[in-house]
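Step one of this worksheet: look at the structure below.
Residue numbers (the numbering used here), protein chains in the order written: chain A, 5 to 153; chain B, 2 to 113.
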């Protein structure tokens, strides 16, 4: 079993920090037995969450902060992406992917986060901020746990 | 990093995209593709994604935006050589159902 671990990253709300965030989280995640494909999926999920904070949370305002924290506990990776931005009025509606509006990109982003992570929780308060919590565990572990049960 | 190598083949713009298509470079992609197609009065585009190392919904958004613009003018978008992870994202978005995709430029140009 991998050693429990934690990491916190606070970045300025500029696009340049989106690739930084995803690469940093992927590097942290590589401590677990994820496949290369898993790591690519994690990168997309993080990219989406951080981009959402910048574009929708902060309306592209470049001098605020997006906080990314990761933990490994009992071989489960947990990633939290948090902003103090505009918040989401209707989370369910925001998670519907459509292609016609700006907010549609947010929906598509959530679709990818949901597809690529094992668990996704979104907490948000209008004018206060949004917190996205995602979990993923290496595949072989599910098989082992299932057998144990 | 994002670089696009443009080439014309009859009335089709061939765009060989190299790098990452995310929030940082989505705008650059949009501007360059729109500008080249306008300059060349080209209605069709062949997007060669062989050297795209990363794509997310920001990158997808500008590809879809270009698709809409081109379709409204009666043009065609063809996607070629998307690597497995990129293809996965394109598939999830549904764009591979509405635009054609091929495994090589030669196959795609022949089909056009």
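For each residue, glycine too, the CB sits at the ideal point set by N, CA and C.
Asked                                                                                                              : Found
Cβ pair residue 140 (chain A), residue 117 (chain A) closer than 8 Å                                               : no
Chain D within 8 Å of residue 63 (chain A), Cβ atoms only                                                          : The structure shown contains no chain D; its protein chains are A and B.
Interface residues of chain B facing residue 23 (chain A) [CB-CB closer than 7 Å]                                  : 21, 23 and 25
Option nearest residue 113 (chain B) by Cα separation, candidates B:13, B:53, B:9 and B:88                         : B:13
Alpha-carbon to alpha-carbon, residue 138 (chain A) and residue 69 (chain A)                                       : 19 Å
Cβ-based burial, residue 31 (chain A) [other Cβ within 10 Å; buried from 16]                                       : exposed
Counted within 10 angstroms of its Cβ, other Cβ atoms place residue 53 (chain B) as buried (16 or more) or exposed : buried
Rounded C-alpha distance that separates residue 45 (chain B) from residue 111 (chain A)                            : 29 Å
Residue 69 (chain A) - DSSP class collapsed to helix/strand/coil                                                   : strand
Check whether residue 27 (chain A) and residue 46 (chain A) have beta carbons under 8 Å apart                      : no
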